[in-house]
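Quick notes on the structure that follows.
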Amino acid sequence: MSKFLGPIHYWLFNKIFLYENLESDIIESIEQKLNISLWDITKELHEKIGLPLENKPLEELIDTNNIHGWLQNKITIAETRQAALITFIVNKYGEKGMNIIKNCYKEQAVKSGKDAKSNYDVTSASAIYKTLNNYILDGTPCDNVNNITVNEDTKLEWRVLNCLHKNYWINVSGNLDILYELRNTWISNFIQSVNSNYEYNFKIENMDNNKLLIHEIVKTV
């Protein structure tokens, strides 16, 4: 491990890498199931927004003089590019494209959930929430936008007023309903995979010209 890097940097890097793997899964699945090529749009997005991470160790890629800035930039590139890709697919291929994308989200969530179940404590709502954040990309730790309002063994609720993801979608003329539907799909399937005694609930409330996102992990059995 580089003397400049700590566990939290590897933790965040791995989440970016997982998120970009989801993008690759979407491209491959769309091409196979619709018998099309996304080469042109992929090339365009790489040129306009930025390339995916190279398959190299973090210490070979990162700017050690600007660790936080480098990681934040990679998050911005990854989230913007995936938002643009999904927006393109849904606009062109409609419900058929959306269903393929949702299935990719589900498959990665289930796979990640099985991995988490084998490697982390997932016996309580708070433990599941902590484990979820080892996989899902949700900004950097210093963003601190998740406000936990209930923290019990059988229920954990967190609220978000300043969504970190929405501007990436707005910047590519994406539909925020799709953003939240896909994240709901991912988190729901992840939680079902790590512990089927729990479920994830999500709702949006309008609040002073903004949207309040309310998330809940609750024990059902």
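Counted the way numbering that gives the first Met the number 0 counts, the sequence shown spans residues 0 to 220.
Glycine included, every Cβ here is placed at the ideal spot set by N, Cα and C.
Just so you know, these numbers come straight off a predicted model, no measurement behind them.
Excluding the 5 residues preceding and the 5 following Gly-68 in the sequence, name in chain order all residues of the same chain whose CB lies nearer than 8 Å to its CB. Sequence-distant Cβ neighbours of Gly-68 in its own chain, meaning closer than 8 Å and more than five residues away, are Asp-62.
Report the CB separation of Tyr-18 from Leu-57 in whole angstroms; it is logged as a contact under 8 Å. Going by Cβ atoms, the distance from Tyr-18 to Leu-57 rounds to 15 Å, so no, they are not a contact pair.
Residue from Ser-111, Val-89 and Ile-35 whose Cα sits closest to the Cα of Ser-172: Cα-wise, what sits closest to Ser-172 is Val-89.
Hey, quick one: how far does the beta strand (DSSP E) through Asn-205 stretch, first residue to last? First-last of the beta strand (DSSP E) with Asn-205: 197-206.
Where do the N-terminal and C-terminal ends of the beta strand (DSSP E) with Glu-215 fall, by residue? First-last of the beta strand (DSSP E) with Glu-215: 209-218.
If you draw a straight line from the alpha carbon of Asn-133 to that of Leu-212, how long is it in whole angstroms? Cα to Cα, the separation comes out at about 20 Å.
Taking all protein chains shown into account, do 16 or more other C-beta atoms lie within 10 angstroms of the C-beta of Pro-51, making it buried, or fewer, making it exposed? Pro-51 should be labelled buried.
Please state whether DSSP places Lys-32 in a helix, a strand or coil. Note: Lys-32 maps to helix in three-state DSSP.
Would Asp-207 be called buried (16 or more neighbouring beta carbons within 10 Å of its own) or exposed? Asp-207 comes out exposed.
Alpha carbon to alpha carbon, how far is Val-193 from Asn-64? Cα-Cα distance, rounded: 38 Å.
Which value, in whole angstroms, describes the spacing of the CA atoms of Lys-154 and Ile-147? Looking at the two C-alpha atoms, the distance is approximately 11 Å.
Just to check my reading of the structure: Phe-12 and Leu-70 have Cβ atoms closer than 8 Å, yes? What is that Cβ distance to the nearest angstrom? That pair is a contact at about 7 Å.
According to DSSP, is Thr-148 helix, strand or coil? Note: Thr-148 maps to strand in three-state DSSP.
Could you say which of Val-144, Thr-139, Asn-161 and Lys-218 lies nearest to Lys-73 if we only look at CA atoms? From the listed residues Val-144, Thr-139, Asn-161 and Lys-218, the smallest Cα separation to Lys-73 is found for Thr-139.
Quick check: the Cα distance between Asn-118 and Glu-59, rounded to an integer number of angstroms? For Asn-118 and Glu-59, the distance between alpha carbons rounds to 27 Å.
Does Glu-105 come out as helix, strand or coil in the three-state DSSP assignment? With the sequence shown as reference, residue 105 is identified as Lys, and Glu is not the correct amino acid for it. Three-state result, Lys-105: helix.
Skipping 5 residues on each side, what residues in its chain have a beta carbon closer than 7 Å to that of Ile-15? The residues are Leu-52, Lys-73, Ile-74, Ala-77 and Leu-136.
Whole angstroms are fine: how far does the CA of Trp-168 sit from the CA of Asn-183? Going from the Cα of Asn-183 to the Cα of Trp-168 covers about 16 Å.
Measuring alpha carbon to alpha carbon, tell me which residue in Ile-99, Ser-123, Glu-22 and Lys-55 is nearest His-45. When each option's Cα is compared against that of His-45, the closest is Glu-22.
Measure the alpha-carbon distance for Gly-96 versus Ile-25 and round it to whole angstroms. Straight-line measurement puts the Cα of Ile-25 at about 10 Å from the Cα of Gly-96.
Do you know offhand how far Ile-127's Cα is from Lys-91's? If I take the Cα positions, the gap works out to 37 Å.
Return the CA-CA distance between Glu-106 and Val-159, expressed in angstroms with no decimal places. Their backbone Cα atoms lie some 26 Å apart in a straight line.
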